[in-house]
Structures are given as structure tokens and as C-alpha cells.
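For reference, the structure discussed in these notes is given below.
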Amino acid sequence: DVKVTQSSRYLVKRTGEKVFLECVQDMDHENMFWYRQDPGLGLRLIYFSYDVKMKEKGDIPEGYSVSREKKERFSLILESASTNQTSMYLCASSLNRKETQYFGPGTRLLVL
Amino acid sequence: GQNIDQPTEMTATEGAIVQINCTYQTSGFNGLFWYQQHAGEAPTFLSYNVLDGLEEKGRFSSFLSRSKGYSYLLLKELQMKDSASYLCAVVNAGKSTFGDGTTLTVKP
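Protein sequences, first through last, are from chains V and H.
Going by our numbering, the first residue of the first sequence is number 9, and it counts up by one from there.
Going by our numbering, the first residue of the second sequence is number 4, and it counts up by one from there.
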């Protein structure tokens with residue numbers, strides 16, 4: 009079974025703090041994704057990566073950056089957290105561009 | 004641009020059949036996924052359609068018409084555990100665009 013893990017299930021941060029969300033997958037998948045999910049807005053793609061050290065902007069990249077130094081790990085960085093970044097963050101991975109995505113359990117981030 | 008529409012909520016009775024529709028208008032199309040998401044949990048894969056027609060997998064079936072920009076998920080013999088959100092996602096150039104999801108409530 010594919011396993012996608014995220015570093016925290018719940019996180020509370022203050023406005024202006026730098027926040028790191030880590031995601032690790034154990035199935036040697038090429039593609040990794042970061043989404044945020046908000047009520048009424050669905051899942052929105054922040055960034056994705058097709059390979060190590062490669063990244064592409066999704067639909068809402070503003071205020072975020074990512075890092076993929078190793079194939080199994082994809083990090084989402086909030087350089088200076090703001091209250092409107094309070095959300096559920098979901099990481100996903102897929103074998104290739106046409107395969108199903110496997111999701112991690114999510115990190116619920118609260119920015120005060 | 005990408006636009007994916009699903010009904011916000013649906014209610015059905017245990018043992019019944021329910022059809023959840025998804026219409027899409029996207030700049031490209033490589034396939035359509037359906038995911039199930041229980042409250043507080045991550046989405047999990049249900050089905051994938053790339054060609055027109057019906058894909059059946061146990062109690063769940065998914066249909067696609069590319070010319071109409073339309074898909075549906077059919078759930079048969081509903082069980083209480085099927086109460087969840089159902090997400091339609093269109094894949095284009097490796098990116099998935101998700102609809103807002105349909106929250107299905109199954110009542111006894």
C-alpha cells in the first residue's frame with residue numbers, strides 16, 4: 009500500500025512565523041502535490057513537482073514556496089504566515105501524470 | 004480556465020441508488036477521477052475515466068461523456084458508511100482540478 013505521511017496533524021502558529029509542512033511518500037512516486045482545502049472552496053492546488061528539484065506553480069501559489077531535495081520528500085513553506093492561510097493542507101503523490109493521487113492525512117493549520 | 008460543477012449536497016436512503024453528477028469546462032482533458040472523502044480524513048481514490056462510457060467497480064460505477072463535459076458517479080445499495088463527500092477531479096497536463104465536492108448523507 010502507498011503511504012503518504014505528513015509531519016503534523018495539527019499546527020498552531022502566529023502571524024509572521026515561518027512554517028514548514030513536510031510530506032513523505034514511500035512508493036518512489038515521481039509526482040507530488042500540495043493542496044489546501046477550505047469549506048466552500050474545495051481542494052485548490054498550491055504547488056506540484058514532477059521530479060527532484062523541479063517545481064511548478066499551481067492555482068494559488070502566492071504566499072507559499074516548496075522544496076523537493078529528495079524524491080520522497082516534498083516540503084511546503086509559508087515564509088510569513090498570515091491568518092488567511094489557516095486551512096487544511098493536503099499532500100498527495102502519484103506514480104506519473106495520469107495515475108491516481110494518494111493523499112496524506114492532512115495538516116490542519118491555525119494561524120493566530 | 005477550469006470550471007467544475009457538482010451539487011453541494013444530496014440525501015438518499017440506505018439501500019437505494021444515488022447518482023452524483025459532475026460537469027466540467029476545462030482547457031484540456033486527460034481524464035477524470037472520483038474521490039471519496041469522509042469527514043476529517045483525506046480523499047481516497049474511487050474511479051478513473053479516460054474514455055467515454057461506464058466503468059463499473061462493485062457498488063460504484065462512473066460514467067464519462069467527453070463531448071458533453073459530463074460525468075456521474077453511481078452508488079448502488081447505499082450503506083450508512085457511504086455518507087461522505089464525493090470529489091470530481093479533471094486531469095489536464097498532469098494537474099488535477101477538483102470540484103467543490105458533493106456531500107452525501109445516507110439516512111436509515
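All C-beta atoms in this analysis are idealised placements derived from N, C-alpha and C, irrespective of residue type, glycine included.
Only a predicted model underlies this, so the values are computations on that prediction, with no experimental measurement involved.
Where does the unbroken beta strand (DSSP E) through residue i begin, and where does it stop?
i        : result
V:Val60  : No beta strand (DSSP E) holds V:Val60; DSSP gives it neither H nor E.
H:Gln39  : 34-40
H:Leu16  : With the sequence shown as reference, residue 16 of chain H is identified as Thr, and Leu is not the correct amino acid for it. Unbroken beta strand (DSSP E) run through H:Thr16: 12-16.
V:Thr91  : Taken as a continuous stretch (DSSP letters only), V:Thr91 belongs to no beta strand (DSSP E), as it is neither H nor E.
V:Val74  : 73-78
H:Ser65  : 63-68
H:Thr47  : 47-52
H:Glu58  : 56-60
H:Leu107 : 105-110
H:Asn6   : 6-8
V:Ser83  : 81-86
H:Ile20  : No beta strand (DSSP E) holds H:Ile20; DSSP gives it neither H nor E.
V:Thr108 : V:Thr108 -> no beta strand (DSSP E), and no H or E assigned at all.
How close, in whole Å, do the beta carbons of residue i and residue j come, if the pair is a contact with beta carbons under 8 Å?
i       : j       : result
H:Thr26 : H:Tyr38 : Incorrect: roughly 17 Å between the Cβ atoms, too far for contact.
H:Gln40 : H:Ser88 : 5 Å
V:Leu53 : H:Lys98 : 6 Å
H:Ala15 : H:Val94 : No, H:Ala15 and H:Val94 are not in contact; Cβ-Cβ is about 28 Å, not under 8 Å.
To the nearest angstrom, how far is it from the Cα of residue i to the Cα of residue j?
i        : j        : result
V:Tyr110 : V:Ala100 : 5 Å
H:Arg75  : V:Arg22  : The residue asked about is misnamed: residue 75 of chain H is Tyr in this sequence, not Arg. The straight-line gap from Cα to Cα measures roughly 42 Å.
V:Glu87  : V:Gly24  : 8 Å
H:Asp8   : H:Leu35  : 13 Å
V:Ser15  : H:Thr29  : 34 Å
H:Glu44  : V:Asp59  : 27 Å
V:Asp36  : H:Phe66  : 31 Å
H:Leu77  : H:Pro111 : 19 Å
V:Met40  : V:Gly66  : 12 Å
V:Lys26  : H:Ala42  : 29 Å
H:Val53  : V:Gly48  : 27 Å
H:Asn6   : H:Cys91  : 11 Å
V:Asp46  : V:Thr108 : 22 Å
V:Asp34  : H:Thr105 : 30 Å
H:Val21  : V:Asn92  : 36 Å
When you compare each of the options to residue i by their alpha carbons, which one comes out closest?
i        : options                            : result
H:Leu107 : H:Gln9, H:Met13, H:Gly61           : H:Met13
V:Met96  : V:Ser90, V:Arg17, V:Thr13          : V:Arg17
V:Arg44  : V:Leu84, V:Val32, V:Gln33          : V:Leu84
V:Arg76  : V:Met62, V:Asp67, V:Pro69, V:Ala89 : V:Met62
H:Ser81  : H:Thr11, H:Ile23, H:Pro10          : Per the sequence shown, the amino acid found at residue 81 of chain H is Leu instead of Ser. That would be H:Ile23, whose Cα lies nearest to the Cα of H:Leu81.
V:Lys79  : V:Thr94, V:Ala89, V:Phe56, V:Phe28 : V:Phe56
Any beta strand (DSSP E) of 3 or more consecutive residues that is wholly inside the segment 10-39 of chain V: 12-14, 18-21, 27-33
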